[in-house]
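Here it is as structure tokens:
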């Protein structure tokens, strides 16, 4: 049984027993796949395109190299039946991005939160649990005429303790350490499928808005990157999440709870493939010779993400003493622009294939 599999990978005393008890609770309470949820977060470089580099020596205008400036954190959560997808949460750097001006926060397609480095932390997670997750899940349970629900999550340091995540008829269960790569449903193709669908949309948006004239192509690439805002990211990541197939969600539970009704046992992940994006990628000016490895590197550029920020004691002290900039109205998703002397279009295009 899957409980024994979790025990075999457990390294923290007590964790396996609690997990065993929680899995027994699912059976004892006769909880259905509609009542069992899993959440997980991931970082995404939301501006990344399938290019080695656009900045070449003497280039007129190029985006700056600060990749981390374009990282946001996405928190996703669904139930085992795939019937309920909790509204995505996006953690950005700015409290009030300029691209959100005149937009009512609650009307966004995601729950937007902010942290100066765009990381999730225990405070934000607790806020998400009580203000986002609980209301949405209780509404769904009421619709289904059900009462109880379990949220399974990993042992990440940025998660608050069980006492902090308490709510009537909702239990939070932590999976044993060192088991999430094998057991956690969101890590079994769901996050990968969402990210790949996002990048497919990003590529389509670029090709649709780009200039067909090679004379203007280099400028179009730069202008596209400069014009892309966090609002674009919000719309595309929400749509990417919505288009993750139901069977991908159901299939992701086959390691953790194969005995649940409606869990898909197929091998079809429903993810966007490298082959599927290879030809469209070749339409990027100067990138006609791209290979599958190039596309694969782009799709997986943030596959290995820490998910949480590890801080030393001295960094924590600096963070606490730092003045509160909550009223900052800056657009943290703007690109740093480097101005240099101009070169030919052929040189710019050639840098894509390097």
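Residue numbers (the UniProt record's numbering): 1 to 354. All residues carry an ideal CB built from backbone N, CA and C; glycine is no exception.
Should residue i be labelled buried (16 or more other beta-carbon atoms within 10 Å of its own) or exposed?
i	result
residue 332	Bear in mind that the predicted position of residue 332 carries a pLDDT of just 46, short of 50, making it unreliable; the figure below should be weighed with that in mind. The residue is buried, with at least 16 neighbouring Cβ atoms inside 10 Å.
residue 26	buried
residue 157	exposed
residue 63	Low local confidence applies: a pLDDT of 45 at residue 63 is under 50, so the model's placement there is unreliable, with the coordinate-based value given in what follows. Counting Cβ neighbours within 10 Å, residue 63 comes out buried, since at least 16 surround it.
residue 121	buried
residue 91	buried
residue 147	exposed
residue 250	buried
residue 359	Only positions 1 to 354 of the chain appear in the structure, and residue 359 is not among them; the question remains open.
residue 104	exposed
residue 125	buried
residue 110	buried
residue 131	exposed
residue 279	exposed
residue 288	exposed
residue 336	Low per-residue confidence applies at residue 336: pLDDT is 41, beneath 50, and the placement is therefore not dependable, though the value from the model is reported in the following sentence. Answer is exposed; the Cβ neighbour count stays below 16.
residue 161	exposed
residue 221	buried
residue 281	buried
residue 208	exposed
residue 41	buried
Over the uninterrupted beta strand (DSSP E) stretch that includes residue i, give me the two end residues.
i	result
residue 102	Run containing residue 102: none; DSSP gives neither H nor E here.
residue 171	170 to 174
residue 87	85 to 92
residue 247	Not the beta strand (DSSP E): residue 247 falls in the alpha helix (DSSP H), residues 246 to 251.
Taking residue i as the reference, give the member of the options with the closest Cα.
i	options	result
residue 185	296, 20 and 80	80
residue 88	101, 97, 106 and 95	106
residue 134	103, 171 and 104	171
residue 19	143, 257 and 82	257
residue 93	151, 112, 75 and 76	112
residue 229	124, 46 and 37	46
residue 200	227, 300 and 78	300
residue 37	166, 24, 29 and 84	84
residue 39	142, 49, 175 and 233	175
residue 242	71, 76 and 23	76
residue 149	159, 136 and 245	136
residue 98	253, 187, 232 and 248	232
residue 165	252, 129 and 188	129
residue 169	160, 177 and 139	139
residue 254	187, 70 and 127	187
residue 180	114, 22, 221 and 152	152
residue 364	275, 29, 43 and 28	Given a span of 1 to 354 for the chain in the structure shown, any question on residue 364 remains unanswerable.
residue 235	272, 74, 142 and 177	74
residue 304	205, 284 and 195	195
residue 95	108, 17 and 114	114
residue 190	237, 116, 271 and 302	271
residue 247	78, 102 and 127	78
residue 284	49, 145, 30 and 237	49
residue 238	222, 221, 202 and 252	202
residue 183	293, 292 and 154	154
residue 33	276, 108, 117 and 144	144
residue 70	123, 296 and 118	118
residue 82	292, 277 and 245	245
residue 159	290, 123 and 72	123
Taking the alpha helix (DSSP H) that residue i belongs to, which residues open and close that run?
i	result
residue 236	230 to 242
residue 198	190 to 209
residue 125	122 to 128
residue 298	292 to 299
residue 137	134 to 144
residue 257	From DSSP, residue 257 is part of no alpha helix (DSSP H); its letter is neither H nor E.
residue 278	274 to 281
residue 181	180 to 183
Where DSSP assigns a beta bridge to residue i, which residues make up the other side?
i	result
residue 152	38 and 173
residue 43	73
residue 167	170
residue 111	89
residue 79	37
Are the C-beta of residue i and some C-beta of chain B separated by less than 8 angstroms?
i	result
residue 238	Structure shown: chain B not included; a single protein chain is present.
Taking 7 angstroms as the cut-off, is the C-beta of residue i nearer than that to any heavy atom in the ligand ATP?
i	result
residue 284	As presented, the structure is devoid of all ligands, the ligand ATP included, so that no description of it is given.
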